[in-house]
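Participant: This is the structure, below, for whatever I ask next.
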Amino acid sequence: MTRATVVDPADLSMNETPYPPLPGVRRVVADGAAALQRYPDRTSSTLVSALSARLGVGPEAIVVGPGSAGLCQHLVQSLGPRPEVVHAALSFEGYPLIVRNAGARAVPVPMDGYDHDLPAMADAVTDRTRCVLLCSPNNPTGAALRRDRVEAFLGRIPADVPVVLDEAYREFVTDPAAPDGMELYRSYDNVCVLRTFSKAYGLAALRVGYAVVPPRLAAAAALTGAVFFPNALGQAAAVASLAPDVTAELTHRCTELVASRTRLVGALRGLGVTVAPSEANFVWLPLGERAASFADRARAAGILVMALPGAGVRITVGSDEANDRLLAFVRSALAEGL
Ligand SMILES: Cc1ncc(COP(=O)(O)O)c(C=O)c1O
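To convert, note that position 173 of the sequence shown is 173 in full-length UniProt numbering; the numbers rise steadily by one, no gaps.
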């Protein structure tokens, strides 16, 4: 979707946070501009140490890279040579591209409603499977995996097939039945966890993500190339974001965003719109054949959303003002026969 065609659009198409960077983080980035002639620390050592302390795992388990999508591609590539990657059919739109870029073949498994069909995904794992990608909360449907179901799934996956759990939206989860990926990481030695500073931390432009990998995959996952490390400003901003006071402020913002999500879902349902339950910073409207026209009309009204034609529309929870604009649009679209 091109962003430039709408004047002052409410851009709810990219799952970005509505909040600008915190002043302390912005200062670190501005100060970093004075040393742009220098290459970044290729081992991201300060960031890896800060993450290691935060997560309670050794630094050798952490791989920092240019966004979680970049790291996902790196992982899929380095986990070869088996040819297939299993993932949910209605999941992050980047997966098919990532899998192809990594020289593998995607095996999309149909959904169970808004959820991964974990038993069917386990059935799809064969001796050709390079790894499985799980996304929780799932983009675009917003569903988080449940602990009991994912444990039953992991119990069926051969130990030599890595399961990559993409938790890009982890910080927005409130359902106590949703497992923390790090719990699973500690219990299963084939689970890799992917996280990002792009969403809850509001640093999407700086491209910083990390993977937590089990010891036996650490050597394969280590970034030995010359090109895979976040830039210096990204590293500095991520380190600043892990300071306790900054993290507390970011956590507060996540709580506010979850409250906005609850209000938005309630208001949309109050208008008679079907909205999937969401554990993320976006909502999913399963509009089916009406998805593309909804997105087109929203765009004409100055609101950008992401449509998956024939399936539905994903709408990021935005600022109060943007959410109100969206609701006003939905009200008028319904009046005209959405
Ligand atoms: C599920 C999921 N994983 C990964 C990403 C990519 O995030 P990053 O900015 O860390 O590359 C996204 C971005 O939308 C996403 O939805």
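By construction, the Cβ of each residue, glycine as well, lies at the ideal position given by its N, Cα and C atoms.
1. Which of helix, strand or coil does DSSP assign to VAL6?
2. Could you work out which residue in THR174, PRO9 and ILE62 is closest to ASN281 when comparing CA atoms only?
3. Between LEU71 and GLY209, which are expected to be in contact by the criterion C-beta below 8 Å, what is the C-beta distance as a whole number of angstroms?
4. Going by the beta-carbon positions, is the gap between PRO20 and ARG207 smaller than 8 Å?
5. Which residue wins for smallest C-alpha separation from ASN15, given the options VAL330, GLU60 and SER278?
6. For CYS131 and VAL161, which I take to be in contact (beta-carbon distance under 8 Å), what is that distance rounded to the nearest angstrom?
7. Can you pull the DSSP bridge partners for PRO286?
8. Decide if residue 339 is buried, meaning its Cβ has at least 16 other Cβ atoms within 10 Å, or exposed.
9. Just how far apart, CA to CA, sit LEU22 and VAL29?
10. Roughly how many angstroms lie between the CA atoms of SER293 and ARG186, to the nearest whole one?
11. If you reduce the DSSP assignment to three classes, tell me which class GLY312 lands in.
12. According to DSSP, is VAL76 part of a helix, a strand, or is it coil?
13. Of the residues GLY337, PRO215, GLY310 and VAL76, which one's Cα is nearest the Cα of LEU271?
14. Quick one: give me the first and last residue of the beta strand (DSSP E) that GLU321 is part of.
15. Run the CB neighbour count on TYR95, radius 10 Å, all protein chains shown included, and call it buried at 16 or more, exposed below.
16. Between which two residues does the alpha helix (DSSP H) holding TYR185 run?
17. Can you tell which of LEU75, LEU55, PRO9 and VAL25 has the C-alpha that lies nearest to the C-alpha of ALA219?
18. Is the CB-CB distance between VAL213 and VAL63 below 8 Å?
19. Below 8 Å between beta carbons: does that hold for GLY312 and ALA333?
20. Would you say PHE294 touches ligand 1, meaning its beta carbon is less than 7 Å from a heavy atom?
21. In three-state terms, what does DSSP make of ILE157?
22. In terms of alpha-carbon separation, which member of ASP127, LEU51 and THR141 lies closest to residue 383?
23. For a quick check, are the C-beta atoms of VAL48 and PRO59 less than 8 Å apart?
24. Just verifying my parser: in three-state terms, what is the DSSP assignment at ALA211?
25. Would THR18 be called buried (16 or more neighbouring beta carbons within 10 Å of its own) or exposed?
26. Ends of the beta strand (DSSP E) at LEU194?
27. Pick out whichever of PRO83, ALA300 and VAL57 has its Cα sitting closest to the Cα of ALA106.
28. Just how far apart, CA to CA, sit GLY202 and LEU154?
29. Tell me the rounded alpha-carbon separation between ARG335 and ARG314.
30. Can you check which of these residues, SER91, ARG253 and ASP115, is closest to LEU133 by C-alpha distance?
31. How would you label PRO230, buried or exposed, when you count the other beta carbons within 10 angstroms and need 16 or more for buried?
32. Taking the straight line between their C-alpha atoms, what separation do you get for ALA328 and LEU287?
33. Output needed for ASP166: all residues of its chain with C-beta closer than 8 Å, excluding positions within five of it in sequence on either side, in chain order.
Facilitator: Per the coordinate set shown:
1. Walking along the sequence shown from the start, residue 6 turns up at place 6. Confidence in VAL6 is poor, its pLDDT being 44 and thus under 50, which makes the residue's placement unreliable; the coordinate value appears in the next sentence. Here VAL6 sits in coil by DSSP.
2. Walking along the sequence shown from the start, residue 281 turns up at place 281. When only C-alpha atoms are compared, the closest one is THR174.
3. Within the sequence shown, residue 71 is the residue found at index 71, counting from 1. Within the sequence shown, residue 209 is the residue found at index 209, counting from 1. Indeed, because the Cβ distance is near 5 Å, the residues count as touching under 8 Å.
4. Along the sequence shown, one-based indexing puts residue 20 at 20. Along the sequence shown, one-based indexing puts residue 207 at 207. Against a cut-off of 8 Å, the Cβ pair of ARG207 and PRO20 comes out as no contact.
5. The residue given as residue 15 occupies position 15 in the sequence shown. In terms of Cα proximity to ASN15, the closest of VAL330, GLU60 and SER278 is SER278.
6. Here residue 131 refers to the residue found at position 131 of the sequence shown. Here residue 161 refers to the residue found at position 161 of the sequence shown. With a Cβ gap of about 6 Å, CYS131 and VAL161 count as contacting.
7. Numbered from 1 along the sequence shown, position 286 holds the residue referred to as residue 286. Per DSSP, PRO286 has no beta-bridge partner at all.
8. Since the first residue of the chain shown is 1 and the last is 338, residue 339 is not available in this structure.
9. Here the question's residue 22 lines up with position 22 in the sequence shown. Here the question's residue 29 lines up with position 29 in the sequence shown. It is roughly 11 Å from the alpha-carbon of LEU22 to the alpha-carbon of VAL29.
10. Within the sequence shown, residue 293 is the residue found at index 293, counting from 1. Within the sequence shown, residue 186 is the residue found at index 186, counting from 1. Cα-Cα distance, rounded: 45 Å.
11. Numbered from its first residue, the sequence shown carries residue 312 at position 312. GLY312 falls in the strand class under three-state DSSP.
12. On the sequence shown, position 76 is the one that residue 76 refers to. In this structure, DSSP gives VAL76 a helical state, which the three-state scheme calls helix.
13. Stepping through the sequence shown from its first residue, residue 271 is reached at position 271. For the set GLY337, PRO215, GLY310 and VAL76, the Cα lying nearest the Cα of LEU271 is the one of GLY337.
14. The residue you call residue 321 lines up with position 321 of the sequence shown. From DSSP, GLU321 is part of no beta strand (DSSP E) but of the alpha helix (DSSP H) over 320-335.
15. Along the sequence shown, read from residue 1 onward, the residue named residue 95 stands at position 95. By the 16-neighbour rule on beta-carbons within 10 angstroms, TYR95 is buried.
16. If you number the sequence shown from 1, residue 185 lands on position 185. Counting along the chain, the alpha helix (DSSP H) containing TYR185 begins and ends at 181-187.
17. One-based indexing of the sequence shown puts residue 219 at position 219. For ALA219, the nearest C-alpha among the options comes from LEU75.
18. Position 213 of the sequence shown, counting from 1, holds the residue named residue 213. Position 63 of the sequence shown, counting from 1, holds the residue named residue 63. Against a cut-off of 8 Å, the Cβ pair of VAL63 and VAL213 comes out as a contact.
19. By 1-based counting over the sequence shown, the position of residue 312 is 312. By 1-based counting over the sequence shown, the position of residue 333 is 333. Contact flag unset, no.
20. In the sequence shown, the residue the question calls residue 294 occupies position 294. No, the beta carbon of PHE294 sits no closer than 7 Å to any heavy atom of ligand 1.
21. Here residue 157 refers to the residue found at position 157 of the sequence shown. Assignment of ILE157 by DSSP, reduced to helix, strand and coil, places it in the coil class.
22. Since the displayed the chain opens at 1 and closes at 338, residue 383 lies outside it and no answer follows.
23. To locate residue 48, count along the sequence shown from 1; it is residue 48. To locate residue 59, count along the sequence shown from 1; it is residue 59. A contact, by the Cβ cut-off of 8 Å.
24. For the purposes of this step, residue 211 is taken as the residue at position 211 of the sequence shown. Strand.
25. Numbered from its first residue, the sequence shown carries residue 18 at position 18. Inspection of the sequence shows that residue 18 is occupied by Pro rather than by Thr. PRO18 comes out buried.
26. Within the sequence shown, the letter at position 194 stands for residue 194. Here the beta strand (DSSP E) through LEU194 covers 191-196.
27. By one-based count along the sequence shown, residue 106 stands at place 106. Distances from the CA of ALA106 to each of PRO83, ALA300 and VAL57 were compared; the closest alpha carbon is that of PRO83.
28. Along the sequence shown, read from residue 1 onward, the residue named residue 202 stands at position 202. Along the sequence shown, read from residue 1 onward, the residue named residue 154 stands at position 154. Approximately 32 Å, taken between the alpha carbons.
29. Locating residue 335 in the sequence shown gives position 335, counting from the first residue. Locating residue 314 in the sequence shown gives position 314, counting from the first residue. The sequence shown places Ala at residue 335, rather than the Arg named in the question. Straight-line Cα distance between these residues: approximately 21 Å.
30. Taking the first residue of the sequence shown as position 1, residue 133 is located at position 133. Ranking the options by Cα distance to LEU133, first place goes to SER91.
31. As a working mapping, residue 230 is identified with position 230 in the sequence shown. Label assigned to PRO230: buried.
32. Taking the sequence shown and counting its residues from 1, one reaches residue 328 at position 328. Taking the sequence shown and counting its residues from 1, one reaches residue 287 at position 287. So the two alpha carbons sit approximately 18 Å from each other.
33. Against the sequence shown, residue 166 aligns to sequence position 166. Beyond the five residues adjoining it in sequence on each side, ASP166 comes within less than 8 Å, by CB distance, of SER68, CYS72, PHE92, LEU133, LEU134, CYS135, SER136 and LEU194 in the same chain, given in chain order.
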